[in-house]
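A.B. asks:
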Amino acid sequence: MTLAADTFAYVADLVRQRSAISLEPGKEYLVESRLAPLARERGMDVDAYVRALRAQPRETELMGVVEALTTNETSWFRDQTPFMALSQHVVPALRAHLGRLDSLRVWSAACSTGQEPYSIAMVLEGTLDAGTALSITATDLSEQVLARARAGTYTQLEINRGLPAPMLVRHFQRAGAHWQVSDPLRKVVTFRRHNLLDPAPAGGPFDVVFLRNVLIYFDLAVKRAVLDRVLRAMRPGGYLVLGAAETTLGVHDGFERVEAGRACLHRAIGRPLTATLPTETARRLAGTIPHPLSAADRTRAAVPTFRGVAP
Amino acid sequence: MRALVIDDSRTMRRIVRATLAAFGYEVHEAEHGQAALDLLEGGLEVDLACVDWNMPVLDGLQFVTRVRANPLWRAVTLVMVTTESEHSQIVRALAAGAHEYVIKPFTADALREKLELLGLVPEPVAAGGVA
């Protein structure tokens, strides 16, 4: 079945408004495959479902559509190299830079169901000295995924995805058919709802920020604004970890590229743009993301909950 | 790269074989631990063994223990692929010398990620997922 052009246009527009994600022409297959389960639940095909939605747009249904298009499956230690870089490069470099590491504050942005922040916690548990106080702030736009992340309970299928068996037995207990993250690990991670276009979440200033596979979905102005927010939330000399296909080059010059083994990190060296260009950034933001929504909706709008796989 | 799939279920051997073959492995099969040991003693050299737990004649845990006891087979990476999913069983398998543990049912992506952890994916494989 081919998706009707107006179905695609409506969904792309909705997703752009709510998440700032651009669904370019050619992504019709993505809309169709992601919305098919929602449509099927109502006994319709995707075109009919979207027509019904347009005729009678309900807020929960609209959010469901946006979540279906912005949420991806995730795995533990995804891509591995960033986590190796964290223990082998970042921690030693910060320790050398600061003389001693009394505390380490990490922000895992767009953390989805929590595999990333818990993976960070597992790596750091084996890397940091007892004298270093670790706190990880993990944020996402979706309360739904945050509730799952906070619970720290995972299915067998989720546990199979990239979690080394020695880590599994060390940090998880069986809870019926599921697996539960241990209390010591849960204690270092604080989950908060957060929109990447809002000021940084509490818990900073951060020494390390994981912001992976998020920027690829944004246009240049939104990328720049998000990186600016991130830079403001970081301690000078801190490290930003992006997805393998992402860079700060040509987007924001407040970061320098640092090679760390097979990983590429971005060290916070500059000042936020908004200190010098408040009007321009504000105008860009305002022009990029139309806000026909209520104030309550606006706090929900922007930035995705997805991880990993590019649409 | 060469792998040995040890499972008393022919269907499961076929699934694991197909998954490993897609990663570029040459795959051999055995229906229980003793048959697998016979192959190794007969000179079959493998990089990887995917081992079920519950099998007749010689079970997976015994196979792992026997392989680890022989220095000639030190280079064989052992991955348990089993329905056994108790915390204590995973601890036992690791203590016996298994390197990784995959709980059935599993997806091709899950097996690939485990092999990546072990540096055992010889050919780049496109990530799975929706897109």
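Protein sequence lines correspond, in order, to chains S and X.
Note that this note's numbering has the first sequence beginning at 288, numbered continuously upward.
Note that this note's numbering has the second sequence beginning at 1201, numbered continuously upward.
All C-beta atoms, glycine included, are put in the ideal place defined by N, C-alpha and C.
From the DSSP output, read off the bridge partner residues of Ile1206 of chain X.
C.D. replies: In DSSP, Ile1206 of chain X forms a bridge with X:Ala1230 and X:Val1251.
A.B. asks: Would Gly413 of chain S pass as a contact of Arg435 of chain S if the rule is Cβ separation under 8 Å?
C.D. replies: Contact: no.
A.B. asks: Might you give, ordered along the chain, the residues of its own chain that have their beta carbon closer than 6 Å to the beta carbon of Asp458 of chain S, omitting 5 neighbours on each side?
C.D. replies: In the sequence as displayed, the identity of residue 458 of chain S is His instead of Asp. Only Met409, Ser469 and Leu472 meet the Cβ criterion.
A.B. asks: Assuming contact is defined by CB atoms lying nearer than 8 Å, are Val302 of chain S and Val353 of chain S in contact in what I supplied?
C.D. replies: In contact: Val302 of chain S and Val353 of chain S (Cβ atoms closer than 8 Å).
A.B. asks: Compare the C-beta of Ile1290 of chain X against all C-beta atoms of chain S and say whether one is closer than 8 Å.
C.D. replies: So, interface residue.
A.B. asks: Quick check: what's the CA-CA separation for Leu1317 of chain X versus Val1281 of chain X?
C.D. replies: One C-alpha to the other measures close to 15 Å.
A.B. asks: Please list the partners that Ala452 of chain S has in chain X, where partner means a Cβ-to-Cβ separation under 7 Å.
C.D. replies: Within 7 Å Cβ-Cβ: Ile1290, Leu1294, Glu1300 and Tyr1301.
A.B. asks: For the alpha helix (DSSP H) containing Val337 of chain S, list its first residue and its last residue.
C.D. replies: Taken as a continuous stretch (DSSP letters only), the alpha helix (DSSP H) holding Val337 of chain S covers Val333 to Ala342.
A.B. asks: Residues of chain X with a CB under 8 Å from the CB of Asp456 of chain S: which are they?
C.D. replies: It should be noted that the sequence gives Val, not Asp, for residue 456 of chain S. Ordered by position in chain X, the residues that pass the 8 Å Cβ test against Val456 of chain S are His1287, Ile1290, Val1291 and Leu1294.
A.B. asks: Name, please, each residue of chain X whose Cβ falls closer than 7 Å to the Cβ of Ser374 of chain S.
C.D. replies: Within chain X, no residue comes near Ser374 of chain S; the closest Cβ sits about 15 Å away, beyond 7 Å.
A.B. asks: Leaving out five residues before and five after Leu1261 of chain X in sequence, what residues of the same chain have Cβ atoms less than 7 Å from its Cβ?
C.D. replies: Excluding positions up to five away in sequence, the list reads Trp1253, Arg1292, Ala1293 and Ala1296.
A.B. asks: Could you give the distance in angstroms between the alpha-carbon of Asp427 of chain S and the alpha-carbon of Leu450 of chain S?
C.D. replies: Rounded to the nearest angstrom, the two C-alpha atoms are 22 Å apart.
A.B. asks: Relative to the C-alpha of Lys1304 of chain X, which residue among X:Gly1224, X:Leu1204 and X:Thr1211 is closest?
C.D. replies: Out of X:Gly1224, X:Leu1204 and X:Thr1211, X:Thr1211 has the C-alpha closest to the C-alpha of Lys1304 of chain X.
A.B. asks: With distances taken between CB atoms, is the gap from Leu1248 of chain X to Leu1311 of chain X smaller than 8 Å?
C.D. replies: Not a contact, by the Cβ cut-off of 8 Å.
A.B. asks: Count Cβ pairs between the segment 364-381 of chain S and the segment 524-534 of chain S that sit closer than 8 Å; are there 3 or more?
C.D. replies: Because the criterion of three Cβ pairs below 8 Å is met, the segment 364-381 of chain S and the segment 524-534 of chain S touch.
A.B. asks: Have a look at S:Gln304, S:Ile308 and S:Thr294 and flag the residue whose alpha-carbon is nearest the alpha-carbon of Leu507 of chain S.
C.D. replies: With distances taken between Cα atoms, Leu507 of chain S lies closest to S:Ile308.
A.B. asks: Compile a chain-ordered list of the residues in the segment 495-507 of chain S whose CB is closer than 8 Å to at least one CB of chain X.
C.D. replies: Listed in sequence order: no entries.
A.B. asks: Find the nearest neighbour of Val1251 of chain X within the set X:Gly1243, X:Arg1266 and X:Gly1242, judged by alpha-carbon distance.
C.D. replies: Val1251 of chain X has its Cα closest to that of X:Arg1266, out of X:Gly1243, X:Arg1266 and X:Gly1242.
A.B. asks: Using a C-beta cutoff of 8 Å, does Phe1306 of chain X count as contacting chain S?
C.D. replies: Taking Cβ atoms only, chain S reaches closer than 8 Å to Phe1306 of chain X, which makes this a yes.
A.B. asks: Check whether the segment 339-349 of chain S touches the segment 386-394 of chain S, counting contact only when three or more Cβ pairs, one atom from each stretch, lie closer than 8 Å.
C.D. replies: Short answer: they don't touch.
A.B. asks: For Glu1313 of chain X, decide whether its Cβ has a neighbour in chain S, counting only Cβ atoms nearer than 8 Å.
C.D. replies: Answer yes: the Cβ-Cβ gap between Glu1313 of chain X and chain S drops below 8 Å somewhere.
A.B. asks: Mind checking who Val545 of chain S pairs with in its DSSP beta bridge?
C.D. replies: In the DSSP output, where bridge partners are listed per residue, Val545 of chain S has S:Leu552.
A.B. asks: Check the Cβ of Arg549 of chain S against every Cβ in chain X and list those closer than 9 Å, keeping chain order.
C.D. replies: Those do not exist, as Arg549 of chain S stays about 12 Å from chain X at its closest Cβ, beyond 9 Å.
A.B. asks: Restricting to runs no shorter than 3 residues, where is the beta strand (DSSP E) found entirely within the segment 1265-1289 of chain X?
C.D. replies: Entirely contained in the segment 1265-1289 of chain X, the beta strand (DSSP E) runs reaching 3 residues are, in chain order, 1277-1282.
A.B. asks: Which stretch, first to last residue, makes up the alpha helix (DSSP H) that contains Leu1340 of chain X?
C.D. replies: Residue coverage of chain X in this structure runs from 1201 to 1331, which leaves residue 1340 of chain X outside it and unanswerable.
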